[in-house]
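What follows is a single structure, written as structure tokens, with notes after it.
Chains as they are written, first to last, in our numbering: chain A, 11 to 395; chain B, 458 to 845.
What follows is the structure, given as structure tokens:
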């Protein structure tokens with residue numbers, strides 16, 4: 011147990027240097043954690059998707075609609091349980107800076123497909139009954155301080171005009187990774203208004219959400235749907251909700267890769283800082299190592315001393331960094347809530363933080379230990395400073 | 458009397474391992490800092506330089522982008538007869554009625570689909586965009602299923618090369634030519650005859666009308682008149698403003714992420730420099746005492762240590778900048794959140810970025826070195842001499 015005491019004393023011999031190194035590590039671990047959380051926030055839609063939901067859209071691209079008449083045809087396909095549909099509305103609340111997702115959907119089947127949106131029964135009935143009603147996520151309602159019964163006006167970008175809605179339900183996410191910042195309203199409201207202003211665009215939907223009986227047959231059902239509409243004016247592509255979300259992410263893959271790379275760069279930066287500290291420490295103590303060797307302590311003991319000191323410093327920094335990750339993620343998440351509706355630190359991120367700090371601690375100790383072990387006793391004793 | 462520069466330089470040289478480690482920490486920070494600046498510069502180039510100041514873009518009111526917009530044929534015809542439209546050499550107005558839609562195309566190699574902008578062009582479209590140049594093949598014949606592909610499309614999307622075909626809208630389209638539009642957003646587009654594309658996509662309306670102003674200063678007057686015309690529910694923008702708006706969200710994202718990253722990273726590097734400089738001071742206590750006895754004043758010592766720290770960080774800064782300049786060979790392609798379409802842009806290095814990165818590295822060196830240097834300069838001579 012003497013060695014532990016020695017490691018501890020050694021680590022805090024240069025208070026200022028150790029303190030600075032620890033601060034550096036905790037900052038690095040903190041930013042590593044934040045970057046990892048940004049990446050996982052990117053994939054949150056994928057995690058939240060269910061295996062028994064399929065998305066059918068126009069094969070040309072997402073901006074082309076599908077006729078409403080496809081609904082019944084999809085329902086007839088074997089294995090299909092529920093069919094819901096909707097449109098990306100793309101409305102703007104007061105100013106373009108206030109971005110949130112807003113959809114027009116067929117509400118009853120949509121809520122049936124998404125049991126993870128939890129809303130009180132009274133609010134649910136109110137929402138289903140009123141065609142001008144909309145439901146908002148808890149976070150969204152909090153962000154703009156909306157209360158039940160408030161009238162909200164969105165400016166349509168795809169469907170021109172000012173649209174007014176009444177907030178009649180606020181949903182909560184069943185799980186932590188559910189996006190609680192969406193704005194969902196009746197597709198009928200949209201369609202009936204378009205019928206008056208632009209009849210050509212009426213009775214068309216942006217996407218179908220298809221609930222299937224057994225997730226095992228997802229591929230077969232998808233193929234059956236696409237086959238039904240092959241060679242029609244509006245051909246379809248059907249894929250699982252997960253694949254659909256992944257498709258969106260793969261388009262912005264370059265950014266994810268860049269963030270991933272940067273998160274490794276910060277670890278390398280801190281590796282250089284810690285390695286420097288350890289190199290300086292070891293250089294100053296070559297005389298002591300020589301004394302230890304003279305007294306009969308072997309190489310492994312000296313290696314243990316250096317590695318122990320390096321790991322002690324990095325683990326203190328790591329713990330501090332992990333503790334700081336939570337408030338920092340909270341602050342960062344609220345600034346970036348427009349880009350990342352869900353911003354939670356995952357358990358995996360914390361494991362990665364621990365692993366990287368251990369790697370930093372070990373790498374930093376390699377060169378100094380090698381030098382300390384190989385130095386000849388006479389040289390070590392002669393060396394000054 | 459000043460302490461010579463070589464003193465600081467030699468001190469760094471003596472402790473090479475420490476110097477290299479500290480400088481590489483700073484180099485990495487400068488690398489990240491410069492790369493982010495280069496990225497935003499490249500994005501700015503790709504989107505802002507896409508437009509010309511003298512061109513006006515007209516889209517449906519509140520529609521934000523050409524993809525969401527719709528301009529009725531009759532509205533487009535009204536615009537065509539406006540006096541502000543510049544007249545081209547052949548006596549026809551320099552005005553293009555265009556269609557802009559997104560199609561999903563598989564990439565070469567990976568087969569992953571990505572959204573690509575496809576633009577239906579009129580005769581004047583090319584004249585309106587002098588930055589677009591045909592580099593291979595020929596222009597598509599009017600009324601045929603032929604298209605022009607941007608260079609970035611030809612390189613990265615399946616069927617985008619010269620002579621190849623792409624299938625959409627129940628037709629096969631042959632790539633008749635490749636155009637180069639430099640680093641602008643047009644390089645990630647496909648162009649074809651507007652009337653053919655409208656038929657293929659069954660779109661009875663145009664997406665936008667673009668024209669060159671007869672006199673650039675007439676813009677405000679024209680905008681006011683068009684936007685208050687009850688027959689037209691349209692919005693008029695300068696082309697440069699239009700493209701700047703398209704990149705707003707992406708630019709903001711890169712800015713916030715980039716700035717918070719460099720802030721945090723630079724703290725790490727400053728701490729690294731501080732550790733090095735403190736130990737440099739501690740190791741040389743006796744030396745500093747000797748210099749004081751020899752007659753160097755405390756502010757000379759202060760200057761010498763700050764210079765040493767600056768030299769250290771400047772070395773790191775140059776190294777970081779060198780590696781980030783290699784990033785220029787990289788092309789980033791990603792989805793613009795606002796338009797849902799594929800956008801390719803390069804890291805672009807400018808003199809401003811070089812100057813900013815190097816001053817940033819010097820600032821880091823200064824902040825890291827000033828406290829240790831102050832400690833060195835304030836040492837008591839007698840005590841310093843007694844050390845070691």
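Even glycine gets a Cβ: it sits at the ideal position worked out from N, Cα and C.
Nothing here was measured: the structure is a model prediction, and the numbers come from that model.
Got a sec: is the Cβ-Cβ distance from residue 563 of chain B to anything in chain A below 8 Å?
The residue you call residue 563 of chain B lines up with position 106 of the second chain. Output row for residue 563 of chain B: interface = no.
Quick one, which of B:609, B:655 and B:636 has its alpha-carbon nearest residue 628 of chain B's?
Here the question's residue 628 of chain B lines up with position 171 in the second chain. Selected option, being the one with the closest Cα: B:655.
Where residue 751 of chain B falls, given that 16 or more other Cβ within 10 Å makes a residue buried:
Start at 1 with the first residue of the second chain, and residue 751 of chain B comes out as number 294. By the 10 Å Cβ count, residue 751 of chain B comes out exposed.
Between the C-alpha atoms of residue 312 of chain A and residue 830 of chain B, what's the straight-line distance to the nearest angstrom?
Taking the first residue of the first chain as position 1, residue 312 of chain A is located at position 302. Taking the first residue of the second chain as position 1, residue 830 of chain B is located at position 373. CA-CA distance, residue 312 of chain A to residue 830 of chain B, rounds to 33 Å.
Minimum C-alpha distance to residue 45 of chain A - residue among A:278, A:103, A:320 and A:274
Numbered from 1 along the first chain, position 35 holds the residue referred to as residue 45 of chain A. Ranking A:278, A:103, A:320 and A:274 by Cα distance to residue 45 of chain A puts A:274 first.
Does any residue of chain B bring its CB to less than 8 Å from the CB of residue 232 of chain A?
Here residue 232 of chain A refers to the residue found at position 222 of the first chain. Closer than 8 Å: no.
Does residue 395 of chain A have its Cβ less than 8 Å from a Cβ in chain B?
Here the question's residue 395 of chain A lines up with position 385 in the first chain. Its pLDDT being 46, under 50, residue 395 of chain A is placed unreliably by the model, and the measurement read from it follows with that caveat. For residue 395 of chain A, the closest Cβ of chain B is nearer than 8 Å.
Spatially closest choice to residue 126 of chain A from A:186, A:266 and A:179, by CA coordinates
Here residue 126 of chain A corresponds to residue number 116 of the first chain, with the count starting at 1. Checked all of A:186, A:266 and A:179; the closest Cα to residue 126 of chain A is A:186.
Determine the DSSP secondary structure at residue 147 of chain A, reduced to helix, strand or coil.
Start at 1 with the first residue of the first chain, and residue 147 of chain A comes out as number 137. Of the three classes helix, strand and coil, the one that applies to residue 147 of chain A here is strand, per DSSP.
With 16 other Cβ atoms within 10 Å as the buried cut-off, status of residue 812 of chain B
In the second chain, counting from the first residue as 1, residue 812 of chain B sits at position 355. A residue is called buried when at least 16 other Cβ atoms come within 10 angstroms of its Cβ; residue 812 of chain B does not meet this threshold and is exposed.
Would a C-beta distance cut-off of 8 Å place residue 280 of chain A and residue 34 of chain A closer than the cut-off?
The count along the first chain starts at 1 and reaches residue 280 of chain A at position 270. The count along the first chain starts at 1 and reaches residue 34 of chain A at position 24. Remark: C-beta atoms of residue 280 of chain A and residue 34 of chain A approach each other more closely than 8 Å.
Helix, strand or coil for residue 237 of chain A? Go by DSSP, reduced to three states.
By one-based count along the first chain, residue 237 of chain A stands at place 227. DSSP places residue 237 of chain A in the helix class (H, G or I) of the three-state scheme.
Give, in chain order, every residue of the region 477-495 of chain B whose Cβ lies closer than 7 Å to some Cβ of chain A.
Going along the region 477-495 of chain B in chain order, one finds 478, 479, 481, 482, 485, 486 and 489 with a Cβ nearer than 7 Å to chain A.
Under 7 Å Cβ-Cβ, which residues of chain A neighbour residue 525 of chain B?
In the second chain, the residue the question calls residue 525 of chain B occupies position 68. What residue 525 of chain B touches in chain A: 100, 167 and 168.
Determine which residues of the region 14-45 of chain A have a Cβ less than 9 Å from any Cβ of chain B, and write them out in chain order.
Legend: CB atoms of the region 14-45 of chain A lying less than 9 Å from CB atoms of chain B belong to residues 24, 26, 27, 30, 31, 33, 34, 35, 37, 38, 40, 41, 44 and 45.
Give me the subset of the region 650-676 of chain B whose CB atoms are less than 8 Å from a CB atom of chain A, sorted by chain position.
Under the 8 Å Cβ criterion, the region 650-676 of chain B contributes 658, 659 and 661.
So for residue 893 of chain B, helix, strand or coil by DSSP?
There is no way to answer for residue 893 of chain B, as the model of chain B reaches only from 458 to 845.
Minimum Cβ-Cβ distance from residue 246 of chain A to chain B less than 8 Å
Counting from 1 along the first chain, the entry for residue 246 of chain A is found at position 236. Taking a beta-carbon distance threshold of 8 Å, residue 246 of chain A does not count as an interface residue toward chain B.
For the region 334-351 of chain A, enumerate the residues whose C-beta is nearer than 8 Å to any C-beta of chain B, in chain order.
Among the residues of the region 334-351 of chain A, those with a Cβ less than 8 Å away from any Cβ of chain B are 342, 345, 346 and 349, in the order of the chain.
Considering only residues of the same chain and omitting the five flanking positions on each side of residue 554 of chain B, which have a CB-CB separation below 6 Å?
By one-based count along the second chain, residue 554 of chain B stands at place 97. 533, 579, 663 and 666, listed in sequence order.
Report the residues of the region 283-299 of chain A with a CB closer than 7 Å to any CB of chain B, ordered along the chain.
Residues of the region 283-299 of chain A with a C-beta less than 7 Å from any C-beta of chain B: 283, 285, 286, 287, 289 and 290, listed in chain order.
Against chain B, does residue 355 of chain A count as a neighbour if the rule is that its beta carbon must be under 8 Å from one of theirs?
For the purposes of this step, residue 355 of chain A is taken as residue 345 along the first chain, with counting starting at 1. Chain B contact via Cβ: absent.
Can the beta-carbon of residue 638 of chain B be found less than 8 Å from the beta-carbon of residue 588 of chain B?
On the second chain, residue 638 of chain B is found 181 positions in, with the first residue counted as 1. On the second chain, residue 588 of chain B is found 131 positions in, with the first residue counted as 1. With respect to the 8 Å criterion, residue 638 of chain B and residue 588 of chain B are classified as neighbours on the basis of their beta carbons.
Take residue 520 of chain B and list the residues in its own chain whose beta-carbon comes closer than 8 Å to its own, dropping the five residues that flank it on each side.
Start at 1 with the first residue of the second chain, and residue 520 of chain B comes out as number 63. The beta carbon of residue 520 of chain B lies closer than 8 Å to those of 526, 527 and 692 in the same chain, with the five residues before and after it left out.
Just mark residue 765 of chain B as buried or exposed, buried being the case when its beta carbon has 16 or more other beta carbons within 10 Å.
One-based indexing of the second chain puts residue 765 of chain B at position 308. Answer is buried; the Cβ neighbour count reaches 16.
Cα-Cα separation, residue 551 of chain B to residue 502 of chain B:
As a working mapping, residue 551 of chain B is identified with position 94 in the second chain. As a working mapping, residue 502 of chain B is identified with position 45 in the second chain. Across the structure, residue 551 of chain B and residue 502 of chain B are spaced so that their CA atoms are roughly 25 Å apart.
Are there 16 or more other CB atoms within 10 angstroms of the CB of residue 120 of chain A, so buried, or fewer, so exposed?
On the first chain, residue 120 of chain A is found 110 positions in, with the first residue counted as 1. With 16 or more other Cβ atoms within 10 Å, it is buried.
Which class does residue 466 of chain B belong to by DSSP, given the choice of helix, strand or coil?
Position 9 of the second chain, counted from the first residue, corresponds to residue 466 of chain B. The answer is helix: DSSP assigns residue 466 of chain B an H, G or I state.
At a CB distance below 7 Å, what residues from the region 560-589 of chain B approach chain A? Give them in sequence order.
Considering only beta carbons, the part of the region 560-589 of chain B lying closer than 7 Å to chain A consists of 560, 561, 569, 570, 571 and 572, in chain order.
Residues in the region 66-92 of chain A with C-beta within 8 Å of chain B's C-beta atoms, listed in sequence order?
Result list: 69, 70, 71, 72, 73 and 74.
Nearest candidate by alpha-carbon position, reference residue 111 of chain A, set A:130, A:91 and A:98:
Along the first chain, read from residue 1 onward, the residue named residue 111 of chain A stands at position 101. Out of A:130, A:91 and A:98, A:98 has the C-alpha closest to the C-alpha of residue 111 of chain A.
Residue 355 of chain A and residue 54 of chain A - do their beta-carbons sit closer together than 8 Å?
Walking along the first chain from the start, residue 54 of chain A turns up at place 44. Walking along the first chain from the start, residue 355 of chain A turns up at place 345. It is not a contact, given that the beta carbons lie outside the stated cut-off.
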